[in-house]
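Enquirer:
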Amino acid sequence: MPYLSASLEDGVAHVRLNRPDKLNALTLPALDELATMARHLRRDRSLRAVVLSGEGRSFCAGLDFASVFGDGPVQVARRFVPRPWLGTNPFQEACWAWRRLPVPVIAVVHGHCYGGGLQIALAADFRFTTADAQWSVLEGRWGLIPDMSGVRSLAQQVGIDTAKRLTMTAEVVSGEEAVRLGLATATSEDPYADARALAAQIATRSPDAVAAAKRLFDRRWSSSPRRTFARERLEQAVLLGAPNTAIMRKASADRSAEEEPPRFRRRLLP
1 MPYLSASLED
11 GVAHVRLNRP
21 DKLNALTLPA
31 LDELATMARH
41 LRRDRSLRAV
51 VLSGEGRSFC
61 AGLDFASVFG
71 DGPVQVARRF
81 VPRPWLGTNP
91 FQEACWAWRR
101 LPVPVIAVVH
111 GHCYGGGLQI
121 ALAADFRFTT
131 ADAQWSVLEG
141 RWGLIPDMSG
151 VRSLAQQVGI
161 DTAKRLTMTA
171 EVVSGEEAVR
181 LGLATATSED
191 PYADARALAA
201 QIATRSPDAV
211 AAAKRLFDRR
221 WSSSPRRTFA
231 RERLEQAVLL
241 GAPNTAIMRK
251 ASADRSAEEE
261 PPRFRRRLLP
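Going letter by letter, the sequence shown gives residues 1 to 270 in our numbering.
Dropping the structure here:
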């Protein structure tokens with residue numbers, strides 16, 4: 001049975017972790033499927049957003065250690081080897097592939113969000129969570145560290161002291177506390193509805209501008225001012241001549257556009 005299920009609705013891909021009987025715990029095939037799905041979605045230039053959620057009682061309880069290590073040490077060892085053209089190994093790419101998408105990825109978290117599951121959630125651009133969800137950098141409980149791109153993601157979301165504390169203690173925090181710490185975007189009684197609403201709101205903006213904003217922030221958030229300014233100029237130069245920018249400009253000048261969203265063309269860049 002596939003680990004992921006997916007559907008497309010009004011330009012929004014709804015991707016669901018689909019192993020509810022095991023709290024959507026991750027197996028080696030599941031890691032491959034996550035990366036493959038992200039690559040598939042990246043090729044769709046009509047895509048506007050992705051909503052990533054989990055079926056059943058949890059978002060994702062992390063690695064299924066019995067399954068992963070039951071496949072044998074050779075299989076695990078192979079997946080530690082990075083692919084030079086990506087800079088990630090298959091464990092890391094299962095999460096980081098979602099960062100490579102040129103559209104916003106919105107994670108919907110409920111129940112457990114542990115270990116590898118937390119790292120998947122942190123790879124999204126936004127995270128809506130129930131207040132009682134359980135978040136944890138759980139690897140410390142097994143004598144390990146987050147190694148599925150989690151260190152980089154934590155560095156972008158929380159202060160270094162908080163990242164160290166969560167990693168060294170493996171403590172479990174509520175969704176409400178996750179928001180306070182910066183792990184999550186907001187709490188919600190219906191995080192899936194809020195994710196859909198945000199995706200719909202973003203879809204009223206130029207897909208090229210949205211993609212440019214994501215590239216700019218993701219690639220230059222910690223860069224020097226000089227490199228950031230250079231990237232700003234490059235992205236803006238492309239946008240000034242983009243057909244979707246003209247469509248957005250016209251829609252903004254037309255008061256009726258509030259009732260009838262503009263019809264954009266396919267995104268310029270993959």
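For each residue, glycine too, the CB sits at the ideal point set by N, CA and C. Because the structure is a prediction, the values reported are computed rather than measured.
1. Given V179, which residues of its chain have a CB within under 8 Å of its CB, disregarding the five upstream and five downstream residues?
2. Does the beta-carbon distance from F69 to A107 come in below 9 Å?
3. Helix or strand or just coil, what does DSSP make of G175?
4. Counting along the chain, where does the alpha helix (DSSP H) carrying R45 start and finish?
5. On the CB-based measure, 16 or more other CB atoms within 10 Å of its CB, does L269 come out buried or exposed?
6. Return the residue from the list S252, H112, M248 and A199 that minimises the CA-CA distance to G11.
7. Rounding to the nearest angstrom, what Cα-Cα distance links R196 and P262 in this structure?
8. In angstroms, rounded to a whole number, what distance separates the CA positions of L144 and S46?
9. Would DSSP call A66 helix, strand or coil?
10. Within 10 angstroms of its Cβ, does R43 collect 16 or more other Cβ (buried), or is it exposed?
11. Exposed or buried, what is W96 when buried is set at 16 or more other beta-carbons lying within 10 Å of its beta-carbon?
12. Suppose the cutoff is 6 Å on Cβ atoms and the five residues either side in sequence are ignored; what does the same chain contact list for E139 look like?
13. As an exercise, report each continuous beta strand (DSSP E) stretch of at least 3 residues that is fully enclosed by the segment 200 to 239, in chain order.
14. If you follow the beta strand (DSSP E) that L26 is part of, which residue opens it and which one closes it?
15. Are the segment 84 to 98 and the segment 146 to 155 touching, with three or more C-beta to C-beta distances below 8 Å?
16. Excluding five sequence neighbours on each side, which residues of the same chain lie with their C-beta closer than 8 Å to the C-beta of Q119?
17. Do you know whose CA, among R219, L23 and V51, lies nearest A203's CA?
Expert: Per the coordinate set shown:
1. Mapped onto the sequence shown, residue 179 falls at position 179. Closer than 8 Å at Cβ, skipping near neighbours: T129, T185, A186 and T187.
2. Position 69 of the sequence shown holds residue 69. Position 107 of the sequence shown holds residue 107. The answer is no: Cβ separation not under 9 Å.
3. Within the sequence shown, numbered from 1, the residue matching residue 175 stands at position 175. Helix at G175.
4. Within the sequence shown, numbered from 1, the residue matching residue 45 stands at position 45. No alpha helix (DSSP H) contains R45, which DSSP labels as neither H nor E.
5. Position 269 of the sequence shown holds residue 269. Exposed, by the Cβ-count rule.
6. Translated into positions along the sequence shown, residue 11 becomes position 11. The shortest Cα separation from G11 among S252, H112, M248 and A199 belongs to A199.
7. Position 196 of the sequence shown, counted from the start, is the residue given in the question as residue 196. Position 262 of the sequence shown, counted from the start, is the residue given in the question as residue 262. Their backbone Cα atoms lie some 19 Å apart in a straight line.
8. Position 144 of the sequence shown, counting from 1, holds the residue named residue 144. Position 46 of the sequence shown, counting from 1, holds the residue named residue 46. Using only the alpha carbons, I get a separation of about 40 Å.
9. The count along the sequence shown starts at 1 and reaches residue 66 at position 66. In this structure, A66 counts as helix in the three-state DSSP scheme.
10. As a first step, residue 43 must be located in the sequence shown, where it is residue number 43. The residue is exposed, with fewer than 16 neighbouring Cβ atoms inside 10 Å.
11. For the purposes of this step, residue 96 is identified with residue 96 of the sequence shown, where counting begins at 1. Buried.
12. Numbered from 1 along the sequence shown, position 139 holds the residue referred to as residue 139. Closer than 6 Å at Cβ, skipping near neighbours: G115, I145 and P146.
13. none
14. Here residue 26 corresponds to residue number 26 of the sequence shown, with the count starting at 1. Taken as a continuous stretch (DSSP letters only), L26 belongs to no beta strand (DSSP E), as it is neither H nor E.
15. yes
16. Along the sequence shown, read from residue 1 onward, the residue named residue 119 stands at position 119. Excluding sequence neighbours, Q119 sits near C95, P146, M148, S149, G150 and S153.
17. Indexing the sequence shown from 1 puts residue 203 at position 203. For A203, the nearest C-alpha among the options comes from V51.
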